[in-house]
Amino acid sequence: MAIMINKPGMLTSLQDLGRYTYQQYGVIVSGAMDPFAHSAANLLVGNSEGEATLEVTLTGPKLTFGIDTFIAICGADLTPSLNEKPIENWRTISVRKGDVLEFGNCKWGCRAYIAVAGGYDTGRVMGSKSTYLRAGMGGYQGRALKEGDTLPVNSDGNGFHPTSFNWFISHEPRAMYLNMNTIRAVKGRHFDLFTKESQTAFFNEKFKISTQSDRMGYRAEGTELKLQQQKEILSEPVLFGTVQVPSEGKPIILMADRQTTGGYPKIAQVAYVDLPKLAQAKPGDSIVFQEITEEEAQISYIIQKIELDYLKAGIRLKNRE
-10 MAIMINKPGM LTSLQDLGRY TYQQYGVIVS GAMDPFAHSA ANLLVGNSEG EATLEVTLTG
50 PKLTFGIDTF IAICGADLTP SLNEKPIENW RTISVRKGDV LEFGNCKWGC RAYIAVAGGY
110 DTGRVMGSKS TYLRAGMGGY QGRALKEGDT LPVNSDGNGF HPTSFNWFIS HEPRAMYLNM
170 NTIRAVKGRH FDLFTKESQT AFFNEKFKIS TQSDRMGYRA EGTELKLQQQ KEILSEPVLF
230 GTVQVPSEGK PIILMADRQT TGGYPKIAQV AYVDLPKLAQ AKPGDSIVFQ EITEEEAQIS
290 YIIQKIELDY LKAGIRLKNR E
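Using the working numbering, the first residue of the sequence shown is number -10, and each one after it goes up by one.
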């Protein structure tokens, strides 16, 4: 059984939580840009958090279902509708064979995630279904979806049968998306190499997400950041949210499709808990970096993880009723 792609949208690809343990060989992690929305969508249809979802960017696809199943859409509000009737994000939706899912205008955010009960029936490459677009690897034939594609899905839905269709993610776990323009970050290992003026500017002034931004990295336009003196930096591993500053002084925030190593000075590291907010920022949006300590970043992540665990436990309990 499958889903027919009538229209692909701007950029729609299969992503899970990433392709790990291969970075030493130069293979990037990839995975969902907004891991929270991705995980929440999966949990709402009874999947593990690591199952693949469809990551939709700005303009959503038009899909025709060839199977009775359940779906959930989390993340950006791209005004989804089922058979031309509006449906809500962040909740379980029942769909029938022949139903048509499509999207309208983008009201909020940048990326939405479509999970289907049982998951998309595609093979794994190096243990992951994530699409590495530049290498043409993983996902659906190693590329973004195109019109006319037929995306296979598991027909049994892993035995998922919710007791009601009112399962939803409450506002509390989604509160992280409030105050979208403030991105918490800790000082990077090369922070002290920058001038005092640049250090102050980084944590106080606004930066605008450039149109030259993608899944690999966000270029930020604003005050030029300068080193006290030019210095050669050895290449070393980088992370999702590492903020590097090349010679022209415009910071680059590394995202899901980041390279495995980088040699530019690292002025900061975005806190993991705020990566979902960053993933929902569009070109032209402004952000301000707020300095926090490593301990504060760790505590914030633990709180978010606990909220997801509570959600997971609640859904399991309801599914037994």
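Each residue gets a CB set at the ideal place from its N, CA and C atoms; glycine is no exception.
Closest option to Thr42, judged by alpha-carbon separation, among Val142, Ile76, Gly116: Val142. Taking all protein chains in view, the Cβ of Asn36 is crowded by 16 or more other Cβ atoms within 10 Å, so the residue is classified as buried. In this structure the stretch 251 to 258 does not lie against the stretch 161 to 171, because fewer than three pairs of beta carbons, one per stretch, are closer than 8 Å.
Nearest in C-alpha terms to Met(-1), of all of Arg204, Pro50, Glu73, is Pro50. Around the beta carbon of Lys74, a 10 Å sphere encloses fewer than 16 other beta carbons of the protein chains shown; the residue is thus reported as exposed. Within the stretch -6 to 76, complete beta strand (DSSP E) segments of at least 3 residues are found at 0 to 4, 42 to 46, 51 to 54, 58 to 66, 69 to 71, given in chain order. For Leu243 against Val227, the beta-carbon gap comes to about 5 Å, under 8 Å, which counts as contact.
Taking the CA atoms as reference points, Val18 sits about 15 Å from Glu44. Each residue's CA atom was taken as its position, placing Arg163 and Asp5 some 20 Å apart.
Note on geometry: alpha-carbon atoms of Ile292 and Gly15 lie some 32 Å from one another. For the 8 Å CB-CB criterion, Gly127 and Lys118 form a contact. Residue range 275 to 280 is occupied by the beta strand (DSSP E) that includes Ser275. When the beta-carbon positions are compared, Lys239 and Ala268 stay at least 8 Å from each other.
Assignment of Pro141 by DSSP, reduced to helix, strand and coil, places it in the strand class. If you ignore the 5 residues before and after Thr200, its C-beta comes within less than 8 Å of the C-beta of Pro272, Gly273, all in its own chain and listed in chain order. Ala(-9) places its beta carbon less than 8 Å from that of Gly55. Residue range 241 to 243 is occupied by the beta strand (DSSP E) that includes Leu243, with no alpha helix (DSSP H) assigned at that position. Boundaries for Phe192: no beta strand (DSSP E) harbours it, and the DSSP string shows neither H nor E there. For Lys255, the enclosing beta strand (DSSP E) stretches over residues 255 to 259.
For Lys176, the enclosing beta strand (DSSP E) starts and ends at 171 to 176. Under the three-state reduction of DSSP, Ile198 is assigned to strand. In this structure, the straight-line span from the alpha carbon of Thr58 to that of Ala26 is close to 20 Å. Around the beta carbon of Thr184, a 10 Å sphere encloses fewer than 16 other beta carbons of the protein chains shown; the residue is thus reported as exposed.
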